[in-house]
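Residue numbers (my numbering): 25 to 304. The block underneath contains the structure these notes are about, expressed in structure tokens.
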Amino acid sequence: MKALNELNKLLKAYTRYSIESLENSLKFDIEHIADALEGSDILFPHHVIGISISLAQMAFLKIENKDPDIDALNNLNLALMYAEVGREFQLKEFKKNPLDKMNIHELKGYFSEFSALLFWAILLNNKNLAKKLAGQVEFCLQQEFISNFPLSYNYFSLWAYYKWINEVTLLETKIDGKFKDVIDNWSCNSVRIEPLLVDIANLHCEELIDNDIRKYPPKLIRPPFTLLPLEIHVINKLRVGEGLEEIYVSHPLMKTFSAQVKEFKIVENDLLEKIQINYL
């Protein structure tokens, strides 16, 4: 119930955002990055992530108000692209000083986004990007300080990746709970699988909750990952690719307009390209 309440709160917020406020936030981060590229300031990853969040919120504002025009969809695609570049940049900074307490604290909060981005890369059919993201997921999972975290979502993203490229793994041994149930019942019909995907949607919504009661940081609290059930889209993509039926999931998350977006693309963006050239 708390998870669905959190979803409803987010939906209400996304439909009521001030476009002027979002545009101002976006402008602030863009100007800071432009200054950094000119050498007059230092570029921090959070400015790149800030652009991702603002673009996602602008996209959700339109999409959830039933106006999924080309600008909204482009903003959503760009939000994912900026998230990918921003997190790669941040992970690069972590690797320079992996013992720094702030770097460790921050990685605990964002490492699961690499798994969400891996699902996205699979949906893009971008094997080079997916390979890079799978490597980033694997690197994060090797860090001792997250070894006691709930990691089935993360290992499942790797399982899906290796299944997608037809490589055999033993990752099932590291996956439990609802994700393991999906694997164990992979070839079953919709009657058996659909309730399991409802459970996965519930887990997604639980990762939207951020409060002092949580023992571990939420995995999907930042846009654009909040309303994009990428893991469920990938499950269906892989099943259909094997000749199995696509599963319709009756869940409030899946009934959002944003969750109806299942196809993504790479959008050209000069600023993002300059960041990649200069910092990655």
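We put the CB at the ideal spot given by N, CA and C, even for glycine. All figures in this text were calculated on a predicted structure; none of them were measured in a lab.
Once you ignore the five residues that flank residue i on each side, which residues in its own chain have a CB closer than 6 Å to its CB?
{"i": "Thr193", "result": "Tyr186"}
{"i": "Glu196", "result": "Ile207"}
{"i": "Ala107", "result": "Ser76"}
{"i": "Glu218", "result": "Ile271"}
{"i": "Ala198", "result": "Rather than Ala, the amino acid found at residue 198 in this sequence is Lys. Cβ neighbours of Lys198 beyond the five flanking positions: Tyr179."}
{"i": "Phe203", "result": "Ser176 and Phe180"}
Can you give me the Cβ contacts of residue i inside the same chain, cut-off strictly under 7 Å, excluding the 5 residues immediately before and after it?
{"i": "Ala145", "result": "Leu153, Ala154 and Leu157"}
{"i": "His71", "result": "Asp53, His56 and Ile57"}
{"i": "Glu270", "result": "Asn260, Arg263 and Val264"}
{"i": "Asp200", "result": "Ser176"}
{"i": "Pro253", "result": "Ala225, His228, Leu277, Met278 and Ala283"}
{"i": "Leu115", "result": "Gln160"}
Out of the options, point me to the one whose CA is closest to residue i's CA.
{"i": "Leu141", "options": "Phe180, Asp59 and Asp200", "result": "Phe180"}
{"i": "Lys298", "options": "Pro247, Leu67 and Ser45", "result": "Leu67"}
{"i": "Thr39", "options": "Val291, Ser76 and Lys90", "result": "Lys90"}
{"i": "Pro247", "options": "Leu28, Glu47, Lys198 and Phe84", "result": "Phe84"}
{"i": "Pro276", "options": "Glu266, Ile224, Lys289 and Ile237", "result": "Ile224"}
{"i": "Asn149", "options": "Ile189, Glu162, Tyr134 and Glu292", "result": "Ile189"}
{"i": "Lys33", "options": "Leu251, Glu266 and Ile57", "result": "Leu251"}
{"i": "Phe281", "options": "Glu47, Glu30 and Ala96", "result": "Ala96"}
{"i": "Leu182", "options": "Asn302, Ser274, Phe138 and Pro219", "result": "Phe138"}
{"i": "Glu88", "options": "Leu232, Gln284, Leu295 and Asp294", "result": "Gln284"}
{"i": "Ile290", "options": "Ile128, His129 and Asn99", "result": "Asn99"}
{"i": "Gly110", "options": "Lys51, Ile128, Gly74 and Gly133", "result": "Gly74"}
{"i": "Phe135", "options": "Tyr240, Pro253 and Asn293", "result": "Tyr240"}
{"i": "Gln167", "options": "Lys202, Pro122, Asp93 and Met126", "result": "Pro122"}
{"i": "Ala184", "options": "Ile128, Met126 and Glu266", "result": "Glu266"}
{"i": "Lys36", "options": "Phe203, Lys86, Lys125 and Ile301", "result": "Lys86"}
{"i": "Leu79", "options": "Asn101, Asp65, Ile94 and Pro92", "result": "Asn101"}
{"i": "Ser274", "options": "Leu220, Leu165 and Glu292", "result": "Leu220"}
Can you list, in chain order, the residues of its chain whose CB lies under 8 Å from that of residue i, leaving out five sequence neighbours each side?
{"i": "His257", "result": "Phe143, Leu147 and Lys286"}
{"i": "Leu232", "result": "Ala27, Glu30, Leu31, Leu34, Pro242, Leu244, Ile245 and Thr250"}
{"i": "Gln81", "result": "Tyr38, Tyr41, Leu46 and Pro247"}
{"i": "Arg216", "result": "Asn209"}
{"i": "Glu130", "result": "Gln114 and Phe118"}
Out of curiosity, what's the CA-to-CA distance linking residue i and residue j?
{"i": "Tyr177", "j": "Phe249", "result": "14 Å"}
{"i": "Glu62", "j": "Ser49", "result": "20 Å"}
{"i": "Asn172", "j": "Ala60", "result": "38 Å"}
{"i": "Glu230", "j": "Leu31", "result": "9 Å"}
{"i": "Ser214", "j": "Met278", "result": "16 Å"}
{"i": "Tyr303", "j": "Met25", "result": "43 Å"}
{"i": "Leu296", "j": "Met105", "result": "8 Å"}
{"i": "Ser45", "j": "Glu112", "result": "27 Å"}
{"i": "Lys151", "j": "Val161", "result": "15 Å"}
{"i": "Pro69", "j": "Asp205", "result": "37 Å"}
{"i": "Phe118", "j": "Lys132", "result": "11 Å"}
{"i": "Asp294", "j": "Cys212", "result": "46 Å"}
{"i": "Lys51", "j": "Asn235", "result": "30 Å"}
{"i": "Ile170", "j": "Ile237", "result": "18 Å"}
{"i": "Ala103", "j": "Phe288", "result": "11 Å"}
{"i": "Pro174", "j": "Phe163", "result": "16 Å"}
{"i": "Met126", "j": "Ile94", "result": "39 Å"}
{"i": "Asp65", "j": "Glu255", "result": "38 Å"}
{"i": "Pro165", "j": "Lys120", "result": "Residue identity differs from the one stated: residue 165 is Leu in this sequence, not Pro. Using only the alpha carbons, I get a separation of about 18 Å."}
{"i": "Glu191", "j": "Gln300", "result": "30 Å"}
* To do: Could you pull out every unbroken beta strand (DSSP E) segment of at least 3 residues lying fully inside the region 198-250, listed in chain order?
  => none
* **Unbroken stretches of the alpha helix (DSSP H), 4 residues or longer, contained in the region 247-300** => Assignment of alpha helix (DSSP H) within the region 247-300, counting only whole runs of 4 or more residues, yields 254-265 in chain order.
* Complete alpha helix (DSSP H) runs within the region 124-208 (minimum length 4 residues, chain order) -> 125-134, 136-148, 151-165, 176-188 and 201-208
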